[in-house]
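Everything below concerns the one structure shown next.
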Amino acid sequence: MNLKLQKLSKMSAAFLMTLFSVWSWGQTAYLMSSGDKTWDLSGTWTVSGNTYTGTDANNWQSVGISGTGNEVTSGTRTTKSSATITTTTSGGLQKPSGTIQFLSTGSSATPEAVAIDLLLNFTGRKAETLSFDWAAIDNSNGTRPTSLRVFWSTNGTTFTELSAAQLLDKVSNNTGSITSIALPPEFNNTSTARIRFYNHAGTTATGSGNRDKFQIDNISVTSSILPPTWDGSQWVGGTPTASTDAVIAGNYNGAGFTAQSVTVNSTFTLTINSGQTVTTGNLTNNGAVIVNDGGNLIQTATGTYSGAGTFTVNKSGASAPSKYAFWSSPVASQNLTSIYGVGNTPSFITEYDTTTDYFVNAASTTSVVGKGYSIKTPAVANVSFAGTPNNGTQTYTLATTGSGHNLVGNPYPSNLNLDAFYTANTGRITNTFYFWDNTSNSVTTQGGTTSVNIGYATYNALTQAWAPAPNVVPVPTGNVANIGQGFFVQTVTTPTDTSLGFNNDMRVATTGTFFNKNNSSTEGKFWLRINSSYNTNNTFVVAYLSPASDAYDNYDSKAIATGSDAFYTMADAQKLLIQGKSAFDTDDVVPVGAKHFQTGNFVISLVQKEGVFNNGQAVYLHDKVAGTYTNLQNGTYSFSANSGEITNRFEIVYKLDVLATSEVEKNAFEVYKDGEDFVVRNDKNIETVMVFDAAGRKITQINAANSKLVRVKLDAKGMYILKAVSQGKEYSKKLIK
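Numbering (this note's numbering), first residue to last: 250 to 986.
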């Protein structure tokens, strides 16, 4: 810029009045929609009716004398009027041809001050930059320093300093330029923007004689097309997209959106409610951001977080008082004692000790990013995290002692994709994750990963399948860890390193149901559940997918511990909650085991299915004791059993063996009671009838001599399984006497 600053000792006009700063008096704000503007101040101003007239003078407004004391950092205290033009050395505004010139007088530091405002209208525009040239010039051989500060306001009352434009303790002869400093986002789309140039005595009382003068020239303001801006009731300038910025200039709690960057202006709040997601790169928060339970804030790739605003994540805890829950903070350095609110400090905040396999009191109640904590729920179950949101690449140091289990957690204010998390850490951890589900039991003490604590839901990141915790009816869905969720991982035998990694690419908003592969003829999953007459239930999942094998491998997950009741499949002598198997084949056979705490009645049912099993593929439960095949796609299977563990009674098959009792053939075979006896009848000759007790022991065998009717006598009361052989085919029936 061409600086037209000049050394002057006297001016040709004087201010006539001193008045407070207001928007009236005929001055008008420059319309930034007309284009970027540079005020080169080439003309001479005069005062008319308390306003300035002359070239470009109508955009400038006087600041009257106001305030007391010596404070100069608010931009509101002035001692010299800029409502008149002065020619004396008493101080005020001077306007030679080519510059605006300030004179603050006096021998003390800071007290004397004079100011002038530039009025701007950014309606429909985004405020960008301010630039200007400056000079400190001699005032009749004075050497006292002079200072210039620049403030901004949108209401004419409250001013905030643009610190990048601060010029303190300048003495003549000294010149320079302030170049392209950012204007505040609060200027965006406002018609009442004001920039205050504020000259005051230097911050030190050095020098002698007159105080030097301060000149400014070539004041340049730039703007751009306003990005989509929420004004409190609507989006101005269109709705945000991934290629546009977004500005929150009014309280917002509506639908989620995606933007290239988001700026929340001061005094305003962006609220992200349940089911909504805001996705952005950079987030500048000068107001407040609230993520309510079920909402997500996702920052992508290299997106950054900045600003002096507040950030809060609210979670609705489902825990009953005195139960433990696994939490991980989505904000940095959270004080965990305060997450349940005032007066609800948790009695225990514990961390997991890998070496001893036990929970101990946390060494610090200030959260560590990526770390999980087991916290005993106080009377109130709702949780709030407040602070700076965790963002970008984060690491947590794993412990490798003992069993290698580590309690970690989702560090972000958005859901964490478990599959992406595992893929990024395959050299460090196994593919099975365990989630403590305290709704499944009444445990109110915290043990380790084994012993009595069997209430874990299990997720396999390779099989992409869940097994729920015992006694939990719904099968977990998706492939994410929710905001604030802690969970167990286990280190591999020889990890590449111990830096468990998290990054923004793992952050998602959805429940991850995209992994359902319903169109494949060789892939699919199904979940079987066993319910007992004494009100327990357990569930396992079998998943067919081409990368897996039928042997025990990474696609399989064992229970973290086995309780008094269990239901599982088997591979290589391992008891599995999640069994991954190779591409589906109807000749496959899946061994099934069960464990019962009490003698009772049990029901096995198909509770969920995907892929090939959604397309009608039969799932037969073969009871080898009863000799029955039940298609669980069509109904449940009921049986009785004694307490203990059964590992050789049940299996899953997908087609009926030629010797199996088919549905049609069952209709021709019947067993009915006649007095104290049971009668076996078939429309074909019966060769042999055998009776077994509930434990599978054979009680009696009758050679029927090819009769179509056989009478069976049973002396003791109880449950029995009857098997009959007719023309080489086997029929079975449960009997209760």
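A virtual CB, placed ideally from N, CA and C, is assigned to each residue, including glycine.
Query: Are M281 and S472 close, meaning C-beta to C-beta below 8 Å?; Result: yes
Query: Beta-carbon within less than 8 Å of S956's beta-carbon, same chain only, minus the 5 sequence neighbours each way: which residues are those?; Result: N934, I935
Query: Taking the alpha-carbon positions, what's the Y622 to N752 distance?; Result: 21 Å
Query: So which of S652, S571, I547 has the shortest CA-CA distance to A758?; Result: I547
Query: Return the first residue and the last residue of the beta strand (DSSP E) that F888 is part of.; Result: 886-890
Query: Please classify Q343 as buried or exposed, where buried requires at least 16 other C-beta atoms within 10 Å of its C-beta.; Result: buried
Query: Could you pull out every residue in the same chain whose Cβ sits closer than 6 Å to the Cβ of F1014, ignoring the five residues on either side in sequence?; Result: Outside the shown range of the chain (250 to 986) lies residue 1014, about which nothing can therefore be said.
Query: Taking 8 Å as the limit between beta carbons, can you name the residues of its chain near L908, skipping five residues before and five after?; Result: In this prediction, L908 has a pLDDT of 36, which is less than 50 and means its spatial position is unreliable; what the coordinates show is noted afterwards. Closer than 8 Å at Cβ, skipping near neighbours: G977, K978, E979.
Query: Along the chain, where does the beta strand (DSSP E) that runs through D872 open and close?; Result: 869-872
Query: Sorted by chain position, which residues of the same chain lie with C-beta nearer than 6 Å to V376's C-beta, five sequence neighbours on each side aside?; Result: Note that residue 376 is Ala in the sequence shown, not Val. Cβ neighbours of A376 beyond the five flanking positions: L432, F436, N437, S472.
Query: Among residues of its own chain, excluding the 5 on either side of V902, which ones have a beta-carbon nearer than 6 Å to its beta-carbon?; Result: V838, Y869, H871
Query: DSSP three-state call for E859: helix, strand or coil?; Result: strand
Query: Let's test the definition: count the other Cβ atoms within 10 Å of the Cβ of K991 and tell me whether it reaches 16, buried, or not, exposed.; Result: The chain is shown only over 250 to 986; residue 991 falls outside these bounds and no answer can be derived.
Query: Can at least three beta-carbon pairs, one atom from the region 535-554 and one from the region 584-594, be found at a separation below 8 Å?; Result: no
Query: Taking contact to mean at least 3 C-beta pairs separated by less than 8 Å, is the region 734-741 in contact with the region 821-839?; Result: no
Query: With the cut-off set at 8 Å, would you say T518 and G530 are in Cβ contact?; Result: no
Query: Please work out which residues of its chain come closer than 6 Å, Cβ to Cβ, to N640, disregarding the five sequence neighbours upstream and downstream, and give them in chain order.; Result: Q548, Y554
Query: Determine the extent of the alpha helix (DSSP H) in which D932 is found, giving its start and end residues.; Result: Run containing D932: none in the alpha helix (DSSP H); it sits in the beta strand (DSSP E), 926-942.
Query: Report the residue from K982, G451, N780 whose alpha carbon sits nearest the alpha carbon of V852.; Result: N780
Query: Which of the three DSSP states is assigned to D542 in this structure?; Result: coil
Query: Out of curiosity, what's the CA-to-CA distance linking Y501 and T372?; Result: 20 Å
Query: Quick check: the Cα distance between N674 and G860, rounded to an integer number of angstroms?; Result: 28 Å
Query: Measuring alpha carbon to alpha carbon, tell me which of D686, K962, A843 ends up nearest E925.; Result: K962
Query: Rounded to whole angstroms, what's the CA-CA distance from I334 to I349? Just pull it up for me.; Result: 11 Å
Query: I'd like to know if the region 352-371 and the region 454-464 are in contact, where contact means that at least 3 CB-CB pairs between them fall below 8 Å.; Result: yes
Query: Starting from T672, follow the alpha helix (DSSP H) in both directions and report where the run begins and ends.; Result: 667-673
Query: Please identify the residue among P744, F789, G727 whose C-alpha is closest to the C-alpha of V721.; Result: F789
Query: Tell me where the beta strand (DSSP E) around P209 begins and ends.; Result: The requested residue 209 does not occur in the structure, where the chain is confined to residues 250 to 986.
Query: For the beta strand (DSSP E) that contains M1008, what are its first and last residues?; Result: Past the boundaries of the shown model lies residue 1008; the chain is included only from 250 to 986, so the question cannot be answered.
Query: Mapping DSSP to helix, strand and coil, what is P434?; Result: helix
Query: Return the first residue and the last residue of the beta strand (DSSP E) that W715 is part of.; Result: 714-716
Query: Whole-angstrom Cβ separation of L825 and K807, contact assumed at under 8 Å?; Result: 6 Å
Query: Rounded to the nearest angstrom, what separates T409 and P476 at their Cα positions?; Result: 23 Å
Query: Name the residue from T644, I624, A611, Q734 whose alpha carbon lies nearest to the alpha carbon of S663.; Result: Q734
Query: Straight-line CA distance for K966 to N709?; Result: 46 Å
Query: Between the C-alpha atoms of V496 and A306, what's the straight-line distance to the nearest angstrom?; Result: 32 Å
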